[in-house]
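Notes for the one structure printed next.
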Amino acid sequence: MSIGSFLRRGLDAYWDEHEHEHEFKGLDKRRKRISLEQGIFAMFESIQRTYTSANDLEMLDFNAEKEYCMFPGEEITIARGYLSVIESLASVLPPGLIQLGRKVTKIEWQPDESLEIENGNNKPPVKLHFADGSIMYADHVIVTVSLGVLKQGIREDCGMFNPPLASFKTEAITRLGFGVVNKVFLKLTPTPDGIKFPSLQMVFHNESEQNLKIPWWMRRTANLCPIYGNSNVLISWFVGKEALEVESLGDEEIIDGFSKTISSFLINSHSDDAESMFKVEKVLKSQWGNDPLFLGSYSYVAIDSSGDDLDAMAEPLPKKTSIHSNISPPPLQILFAGEATHRTHYSTTHGAYFSGIREADRLLQHYHCIEI
């Protein structure tokens with residue numbers, strides 16, 4: 001069962017239970033009531049889609065969702081963004097150890113016992129190819145690219161891994177879902193009388209689907225609100241198809257869509273000219289879907305997938321051979337980290353962080369640097 005089916009079943013049960021109530025007497029009144037409730041239901045669906053990155057809640061596996069764990073404590077906004085977190089983590093490393101601007105194009109590894117021999121010397125089992133033509137050998141590589149990049153990387157026409165990853169790994173990559181979530185920031189011109197923009201939770205009636213004044217991609221978002229308090233900067237979230245649509249639009253098209261939406265919702269609460277009262281002067285948007293280094297935002301457990309696939313994502317390669325085998329390939333050649341490798345905290349930054357610690361500990365244990 002999908003999350004979408006479960007929620008829709010609950011809505012249908014609610015309608016059945018209240019079908020004969022006094023408020024539902026009369027076809028017109030009943031139709032309007034149901035239309036409003038459908039709009040509210042769709043609003044909460046859009047909010048949930050933002051959390052999960054799924055284009056449709058019908059794509060989310062119900063049973064797997066029960067394994068997801070919320071991290072305790074309040075949510076906070078980091079003043080300088082995630083860059084400050086990265087800088088703090090990197091501050092303990094020797095200068096020059098992190099190399100930027102070096103894109104890896106191929107990872108060669110050795111799933112069997114043979115080792116590459118060059119000039120009579122054994123080479124480490126993993127060979128990295130970079131976009132600038134250079135190569136590097138390594139005993140171990142921790143792959144932390146997004147699930148979207150992995151989905152592209154396992155295609156036959158891509159060849160990110162040579163030889164291809166083990167079938168259990170590619171099957172997990174294929175089954176798990178990976179969506180697009182984008183944020184749009186709007187900077188408003190301060191109003192002469194100091195009126196601040198309210199927080200909007202937007203409900204669209206089904207009839208509004210025929211209203212071409214508000215573009216379809218705006219009708220698929222649920223809220224528009226200041227980033228904090230009385231800020232003149234607003235934020236809105238877009239998921240799936242509308243997130244990709246927003247990436248393709250120019251700033252003027254985005255401003256026009258938001259302005260018409262603002263006018264439609266606030267025309268009665270502020271003035272007959274709400275569109276001119278709240279003027280958008282600047283737009284900033286994320287574009288995760290078309291970023292070649294991400295190809296999306298974060299993962300979800302799709303229908304026909306499960307938490308076992310997240311565990312499979314975390315499994316290093318090559319897999320351990322039988323303890324009775326006399327010959328085995330070098331261990332832990334390719335390790336995997338990232339939010340899509342964490343069974344209970346997938347789709348989150350802290351899940352990605354925990355997975356990185358997990359793989360670092362795996363290598364430290366391998367070299368007996370820490371106790372198992």
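Quick note, the sequence shown lines up with residues 1 to 372 if you use the UniProt record's numbering. Note that CB positions come from ideal geometry on N, CA and C, so glycine has one too. Remember, predicted model here, so these are calculated numbers, not experimental data.
Query, Result
"Does the stretch 275–291 come close enough to the stretch 31–41 to have 3 or more Cβ pairs within less than 8 Å?", "no"
"Assuming G351 is part of the alpha helix (DSSP H), what are its boundary residues?", "T349 to H366"
"Is the beta carbon of G4 less than 9 Å from the beta carbon of L147?", "no"
"Between which two residues does the alpha helix (DSSP H) holding E242 run?", "K241 to S248"
"Just to confirm before moving on: does the CB-CB distance between F238 and W217 stay below 9 Å?", "yes"
"Let me check one thing: in DSSP terms, what residues is K183 bridge-paired to?", "W237"
"Would you kindly work out how many angstroms separate the C-alpha atoms of F354 and D309, rounded to a whole number?", "18 Å"
"Between which residues of its own chain and H350 is the CB-CB distance below 6 Å, once the five residues before and five after are set aside?", "F71"
"Would you mind listing the beta strand (DSSP E) stretches within the stretch 146–193 that are 3+ residues and don't spill past its ends, in chain order?", "177–179 and 181–188"
"In whole angstroms, what separates the C-alpha of I76 from that of I227?", "12 Å"
"Does the count of Cβ pairs from the stretch 253–267 and the stretch 77–89 closer than 8 Å reach three?", "no"
"Between the stretch 244–255 and the stretch 153–165, are three or more C-beta pairs nearer than 8 Å?", "no"
"For T341, which residues from the same chain have a beta carbon less than 7 Å from its beta carbon, with the 5 sequence-adjacent residues on both sides left out?", "L310, M313, A314 and S355"
"How would you write the range of the beta strand (DSSP E) that Y68 sits in, first residue to last?", "Looking at the DSSP string, Y68 is not in any beta strand (DSSP E), and its letter there is neither H nor E."
"Expressed to the nearest angstrom, what Euclidean distance is found between the alpha-carbon atoms of G177 and A302?", "5 Å"
"L295 and H140 look like a contact to me (Cβ under 8 Å); what is the Cβ gap, rounded to whole Å?", "Actually they do not touch by this definition, with Cβ atoms about 25 Å apart."
"Is DSSP giving N119 helix, strand or coil here?", "Here the model assigns N119 a pLDDT of 49, short of 50, so the residue's position is not dependable and the matter cannot be decided."
"Per DSSP, what kind of secondary structure is K29 in: helix, strand or coil?", "helix"
"By how many angstroms is the C-alpha of P95 removed from the C-alpha of L364?", "22 Å"
"Nearest to D132 by CA position, among L100, N122, I154 and L150, is which residue?", "L100"
"From R155 to R31, what does the alpha carbon distance come to, in whole angstroms?", "49 Å"
"Return the chain-ordered list of same chain residues with a C-beta closer than 8 Å to the C-beta of A166, the five sequence neighbours on each side being excluded.", "P111, L317, P318 and K319"
"Kindly give me the distance between the Cβ atoms of V362 and L332, rounded to whole angstroms, as I take these residues to be in contact under 8 Å.", "Note that residue 362 is Arg in the sequence shown, not Val. So it is a contact: roughly 7 Å between Cβ atoms."
"So K151 packs on F130, CB below 8 Å; how close in whole Å?", "With 8 Å as the limit, K151 and F130 do not qualify as a contact, their Cβ atoms being about 22 Å apart."
"Please name the residue, chosen from G153, D193, V280 and I214, that lies closest to M202 on a Cα-to-Cα basis.", "I214"
"Among the residues of its own chain, which have a CB less than 7 Å from the CB of F168, if the five just before and after it don't count?", "A312"
"How far does the alpha helix (DSSP H) with E108 in it reach, from first residue to last?", "It is not in any alpha helix (DSSP H) - E108 instead sits in the beta strand (DSSP E) that spans V104 to E108."
"Over the uninterrupted alpha helix (DSSP H) stretch that includes L258, give me the two end residues.", "Note that residue 258 corresponds to Phe in the displayed sequence, not to Leu. D251 to L266 is the extent of the alpha helix (DSSP H) around F258."
"With 16 other CB atoms within 10 Å as the buried threshold, where does T50 fall?", "buried"
"Thinking T52 and Y300 are a contact (beta carbons under 8 Å), I'd like their distance in whole angstroms, please.", "5 Å"
"Along the chain, where does the beta strand (DSSP E) containing S299 start, and where does it finish?", "Y298 to Y300"
"Using CA atoms only, rank isn't needed, just tell me which of I142, I107 and S134 is closest to K127.", "I107"
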